[in-house]
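Novice: My questions all concern the structure below.
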Amino acid sequence: MEKVKMISRKRDVKLVPARTGGRRLEVVSPRLGYPVRTMLTFYREIPAGGQSGTHRHRNEAIIYIVKGKGYTMVEDERVDWEEGDILCIPVMAWHTNVNLDPKEPALFLATINRPLMESLDLFYIEDKEKIDYDYEVGKTIERK
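First residue of the sequence shown? That's 90 in the working numbering, and the numbers climb one at a time after it.
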């Protein structure tokens, strides 16, 4: 049997700049060599007193709050969260995550079914701000 990658070690987690601000790191995904084909898991950090960009996507998202206290605006509904809570984002719902702590970053771990949606050619993500992210080119482009 071919040896597969089965564990993501804490010591290997290094957050990098995220598409909508803050920092992010994919920790388990097909492209990292894990034996998963339909989902990926990533850490997302929201800066102290900051927020993520408002966006929506066709994929499902389950978010576990690792550290911090804040809220997520899902369409017009405010959903408060704190460490240990789990949040489910409805498909294609506009949402943004807000960190209420002015001194410490918030951290969550999210699992999404983006690889499944990509394999079906159904993946879509849209930022409410005036930018788009071109995954083919790997960079942000201005909307016209």
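The beta-carbon is built from N, C-alpha and C at its ideal position, and this holds for glycine as well.
#1: Compute the distance between the beta-carbons of proline 194 and glycine 142, then report whether it is under 9 Å.
#2: List the endpoints of the continuous alpha helix (DSSP H) containing glutamate 207.
#3: Could you tell me the alpha carbon to alpha carbon distance between alanine 150 and asparagine 202, rounded to whole angstroms?
#4: Note down the Cα distance separating arginine 133 from glutamate 166, rounded to an integer number of angstroms.
#5: Roughly how many angstroms lie between the CA atoms of asparagine 186 and leucine 176, to the nearest whole one?
#6: Give a yes or no on whether the C-beta atoms belonging to arginine 145 and tryptophan 170 are separated by under 9 Å.
#7: Using 10 angstroms around the beta-carbon of aspartate 117, count the other beta-carbons present and answer buried if the total reaches 16, otherwise exposed.
#8: Quick check on DSSP: helix, strand or coil for aspartate 190?
#9: Going by DSSP, name the residue or residues bridged to phenylalanine 131.
#10: What is the rounded straight-line gap between the Cα of isoleucine 135 and the Cα of leucine 209?
#11: With distances taken from CA atoms, which of Asp216, Glu207, Phe197, Glu218 is nearest arginine 112?
#12: Output the distance between the C-alpha atoms of lysine 217 and glutamate 91, rounded to the nearest integer angstrom.
#13: Going by beta carbon distance, what residues of the same chain come within less than 8 Å of proline 191, once the five residues before and after it are set aside?
Specialist: Quick answer:
#1: no
#2: 203-208
#3: 7 Å
#4: 21 Å
#5: 11 Å
#6: no
#7: Reading the sequence as shown, one finds valine at residue 117 and not aspartate. Classification of valine 117: buried, given that the 10 Å Cβ count is 16 or more.
#8: coil
#9: Glu115, Ala199
#10: 31 Å
#11: Phe197
#12: 43 Å
#13: Ala137, Gly138
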